[in-house]
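Data block below; observations after.
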Amino acid sequence: MAESSASNQKLLLTGASGFVGGFVRQEARCIPLSLNGEEVDLRNVRDTNDAIDQIRPDTVLHLAAQTFVPRSFDDPLETFEINFLGTYNLLAALKKIGFAGRFLLVSTGDAYGSVAPELLPITEAQPPRPRNPYAVSKVAAEALCFQWNQTAGFETMIARPFNHVGPGQREDFVISGFAKQIAAIKHGAQPAVIEAGDLDVTRDFLDVRDVVRAYLLLLQDGHAGETYNICSGTERSIRSLLEKMLELAEVDAEIKINPAKFRPLEQRRVVGDASKLCRHTGWQPSYSIEQTLQDTIHSWEYQTA
Numbered sequence: 015m016a017e018s019s020a021s022n023q024k025l026l027l028t029g030a031s032g033f034v035g036g037f038v039r040q041e042a043r044c045i046p047l048s049l050n051g052e053e054v055d056l057r058n059v060r061d062t063n064d065a066i067d068q069i070r071p072d073t074v075l076h077l078a079a080q081t082f083v084p085r086s087f088d089d090p091l092e093t094f095e096i097n098f099l100g101t102y103n104l105l106a107a108l109k110k111i112g113f114a115g116r117f118l119l120v121s122t123g124d125a126y127g128s129v130a131p132e133l134l135p136i137t138e139a140q141p142p143r144p145r146n147p148y149a150v151s152k153v154a155a156e157a158l159c160f161q162w163n164q165t166a167g168f169e170t171m172i173a174r175p176f177n178h179v180g181p182g183q184r185e186d187f188v189i190s191g192f193a194k195q196i197a198a199i200k201h202g203a204q205p206a207v208i209e210a211g212d213l214d215v216t217r218d219f220l221d222v223r224d225v226v227r228a229y230l231l232l233l234q235d236g237h238a239g240e241t242y243n244i245c246s247g248t249e250r251s252i253r254s255l256l257e258k259m260l261e262l263a264e265v266d267a268e269i270k271i272n273p274a275k276f277r278p279l280e281q282r283r284v285v286g287d288a289s290k291l292c293r294h295t296g297w298q299p300s301y302s303i304e305q306t307l308q309d310t311i312h313s314w315e316y317q318t319a
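Rendered as structure tokens:
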């Protein structure tokens with residue numbers, strides 16, 4: 015059976031087939047949550063119980079989630095079932111086998127929701143005020159994990175990653191969507207026009223590889239019962255990132271604003287503070303934003319060629 019190289023214990027990974035899960039599998043020896051070779055849907059209680067009984071992990075990194083905000087508005091019940099009830103089913107299955115190890119729930123920086131500009135950068139002391147069904151489902155899952163930390167003997171921790179990006183991300187996320195369009199323009203597959211939503215909001219972007227390293231360090235050195243921001247600490251507008259991507263790719267394109275891409279109740283400015291994570295684990299980001307953007311563009315160029 016595979017083991018985590020960091021702790022020499024069996025590390026269970028949910029969401030192993032997703033964008034972030036692929037990078038976790040590159041960095042750590044882990045066991046995907048699967049049954050008979052198929053990834054388990056955490057909404058299926060029987061399959062979840064059977065898989066956990068077979069794997070019997072020592073440590074859990076819980077990535078599996080419905081993470082796309084627009085989809086959460088289209089089908090909030092599905093989002094809640096996957097993100098909250100799925101987490102409950104996982105915790106309950108672990109309890110049945112007597113699990114008492116470390117459990118990291120990957121939540122979201124979107125949990126903070128509405129934050130006044132004078133309260134930036136966002137620290138973990140900021141109370142959650144979620145503004146969309148996705149964030150609500152994650153805050154509920156956080157509360158559940160905190161309760162299990164108190165009553166079930168699990169060493170649960172919460173990670174709140176802010177926007178992360180990198181090669182292989184789906185095109186319905188903003189930076190990857192830009193990268194796909196830029197790659198297509200560069201290869202003559204579409205006219206030199208970039209379709210975009212609201213470019214004047216700001217976000218805190220971090221390379222997915224730095225995010226994954228933070229998760230693994232938290233499983234090793236994080237404090238049970240604690241919540242950790244994972245972010246760069248740098249505020250950047252979507253416009254500035256798009257302009258940087260065009261510059262890096264040496265592409266000249268018209269930018270066309272599509273109001274249909276604007277999100278309801280959009281937080282105008284976001285920037286986080288990861289100093290607690292740094293203090294507890296020694297983590298520091300290692301990828302520059304230029305490297306991240308370049309790698310993301312190259313990933314789409316490879317697919318477009």
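Count along the sequence shown from 1, then add 14; that gives the number in my numbering.
Quick reminder that beta carbons are idealized off the backbone N, C-alpha and C, glycines included.
query: Residue 270 - partner residues in DSSP beta bridges; result: 209
query: Residues near residue 306 by beta carbon distance below 7 Å, same chain, minus five either side; result: 179, 180, 221
query: For residue 267 and residue 284, the rounded distance between their alpha carbons; result: 27 Å
query: Check: residue 169 C-beta below 7 Å from any heavy atom of the ligand ZN; result: Ligands displayed in this structure: none; no statement on the ligand ZN is therefore possible.
query: Reference residue 253; option with closest CA among 264, 270, 243, 239; result: 270
query: Inter-residue spacing [alpha-carbon to alpha-carbon] between residue 238 and residue 173; result: 12 Å
query: Sequence-distant residues of the same chain with beta carbon closer than 8 Å to residue 235, five excluded per side; result: 294, 295, 296
query: Residue burial classification, residue 201 (beta-carbon count within 10 angstroms, cutoff 16); result: exposed
query: Segment contact flag, the stretch 181-197 with the stretch 127-145, C-beta cutoff 8 Å, min 3 pairs; result: no
query: Inter-stretch contact (C-beta, 8 Å, three-pair minimum) for the stretch 53-68 and the stretch 122-129; result: no
query: Counted within 10 angstroms of its Cβ, other Cβ atoms place residue 152 as buried (16 or more) or exposed; result: buried
query: Per DSSP, the bridge partner or partners of residue 171; result: 118
query: C-alpha gap between residue 300 and residue 225, whole angstroms; result: 10 Å
query: Residue 170 vs residue 104 beta-carbon contact at 8 Å; result: no
query: Nearest-angstrom beta carbon gap, residue 76 and residue 101 [assumed within contact, 8 Å]; result: 7 Å
query: Local Cβ density within 10 Å of residue 298, reported as buried at 16 or more and exposed below that; result: exposed
query: Paired residues, beta bridge with residue 221 - DSSP; result: 179
query: Limits of the unbroken beta strand (DSSP E) element including residue 329; result: The question about residue 329 has no answer here: the residues shown for the chain are numbered 15 through 319.
query: From 211, 212, 139, residue whose alpha carbon lies closest to that of residue 288; result: 139
query: Close beta carbons around residue 53, own chain, < 8 Å, minus the five adjacent residues each side; result: 30, 31, 46, 47
query: Residue interval of the beta strand (DSSP E) (run including residue 76); result: 73-76
query: Segment limits, beta strand (DSSP E) that includes residue 243; result: 241-244
query: 8 Å Cβ cutoff met for residue 176 and residue 286; result: yes
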